[in-house]
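Every number in our numbering is 331 more than the matching position in the sequence shown, counting from 1. For each residue, glycine too, the CB sits at the ideal point set by N, CA and C. Quantities reported herein were computed from a predicted structural model and do not represent experimental measurements. Quick notes on the structure that follows.
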Amino acid sequence: MTARRIYLDQTHVRGHVTGIERVALDLFSPDVLGDRDVRAVRSAGIAGMIVAQQVGLPWRAVRDRDAQFLMPGFPPGPLFAPMRARCTLYVYDTFLLTRPQDLNWKSRLYMVPGFRLAMRWGRRFLAISRTTGEALRRVCAADAMVALLRPAVRDVFGLAGLPGPAACRPGEPLRMLAIGTIEPRKGYAASVELAAALIRAGVPAELHIVGRVGWGRHAFLDDPPPFLTCHGYVDDAALRSLAARSHLLLSTSRAEGLGLPLLEIQHGGLPVVAPQGAVFREVLGESGLLIRPDDPARAAADVADWLRSGRYGASAAAARGNVARWNGLAERDAEYFRAYLDHGPSAYGPEHLIPVPSLASKTSSP
């Protein structure tokens with residue numbers, strides 16, 4: 332499979348670059364792809380994106396039979412099925428199939444059918460995390476390749492110069508920072524409830540949310556409590572200033588394929604509080620506190636105990652080491668990926684391939 336010419340689907344990259352798009356641009360940059368003939372395919376708008384994904388890219392595959400196709404955005408259209416051996420799809424998560432209640436109408440109408448079809452005919456997948464790879468294995472074809480390609484996490488906000496979290500002074504509120512678009516999947520209502528539970532337990536707290544308001548209704552935005560500040564979208568300098576004044580990053584997301592902000596914030600040495608779950612354990616290792624967001628009183632008690640004990644300081648000390656650990660894994664993944672472009676699936680060793688689950692685990696999965 333020596334891939335000297337590669338078509339790279341960037342039809343989804345327009346205007347504001349989200350975390351997912353930043354991962355796609357970094358993972359499949361010229362530095363990674365080397366001296367290969369890479370032809371990025373862009374689009375000017377939604378209509379152009381749909382036409383390019385459903386017709387334009389398959390037509391290129393028909394005309395250029397020696398080329399490979401990398402899809403780090405939307406699933407390829409069904410017309411790509413006959414060229415499945417030349418198509419590699421990068422998968423960020425599987426919540427399109429497992430959490431329909433957290434999807435807006437656009438995702439249900441366009442993305443879900445395409446993703447479901449791609450799981451049937453696709454044979455080459457790369458996963459953003461081991462957790463996502465294992466979830467992908469439960470919904471894709473048994474003879475498909477599922478390999479790891481974890482992204483390196485750059486210090487995109489310039490936090491490396493921070494001394495760590497803000498000092499915890501008696502009488503001052505605990506300042507919790509949350510990053511990400513306000514949408515149902517992010518579970519921000521649970522963050523608000525946790526902050527309220529901390530205050531009821533005698534721990535003054537503030538919650539600062541950085542992110543645009545996406546789809547869905549959010550009661551806490553209609554009548555925001557006094558401890559909540561929604562900053563909307565902010566530039567890197569403003570986020571750096573907020574991080575410097577914060578004591579921790581809080582996530583109460585209900586579903587993540589990776590949870591990029593958890594690692595990005597660790598460049599600044601900030602401790603992280605996140606939900607219990609496989610992907611958060613994979614990403615944070617021993618460097619964070621895992622809580623049950625669906626039980627605010629218990630979560631608040633766990634956070635208060637973490638603050639009063641030495642575990643908070645240990646989490647802050649471990650933050651930068653954890654992001655270095657992750658980036659070491661990502662560097663090895665990138666080496667395997669470059670070999671894959673030249674030699675195909677045989678380039679991967681067992682440690683980078685996600686095995687097919689047993690029949691019992693497949694039938695018991697959601």
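Subject >> C-beta contact flag for L457 and V443 at 7 Å >> reply: no
Subject >> For Y667, the three-state DSSP class (helix, strand or coil) >> reply: helix
Original post:
In three-state terms, what does DSSP make of T419?
Top reply: strand
Subject >> Sequence-distant residues of the same chain with beta carbon closer than 6 Å to A491, five excluded per side >> reply: H598
Original post:
With distances taken between CB atoms, is the gap from L339 to V369 smaller than 7 Å?
Top reply: yes
Original post:
For Y519, does the three-state DSSP call read helix, strand or coil?
Top reply: helix
**OP:** Determine the extent of the alpha helix (DSSP H) in which P627 is found, giving its start and end residues.
**Re:** 627 to 639
Original post:
Among the residues of its own chain, which have a CB less than 6 Å from the CB of L580, if the five just before and after it don't count?
Top reply: L508, I596, L601, V603
**OP:** Go to R370, then tell me how far its beta strand (DSSP E) extends in each direction, as first and last residue.
**Re:** 368 to 372
Subject >> Rounded straight-line distance, which links the Cα of A412 to that of R469 >> reply: 20 Å
Original post:
My guess is that L660 and R481 are in contact by the Cβ rule of under 8 Å, so how many angstroms apart are they, rounded?
Top reply: 5 Å
Subject >> L356 - DSSP class collapsed to helix/strand/coil >> reply: helix
Subject >> CA-to-CA distance, P557 to R663, given in whole angstroms >> reply: 46 Å
Original post:
Is K437 buried or exposed, if buried means 16 or more other CB atoms sit within 10 Å of its CB?
Top reply: exposed
Original post:
With burial defined as no fewer than 16 other Cβ atoms inside 10 Å of the residue's Cβ, what is the status of V344: buried or exposed?
Top reply: buried
Original post:
Would you report the Cα separation of P409 and Y441, rounded to the nearest angstrom?
Top reply: 12 Å
Original post:
To the nearest whole angstrom, what separates the beta carbons of G547 and P592, a pair I think is in contact under 8 Å?
Top reply: Between P592 and G547 the Cβ distance is about 19 Å, and since that is not below 8 Å, they are no contact.
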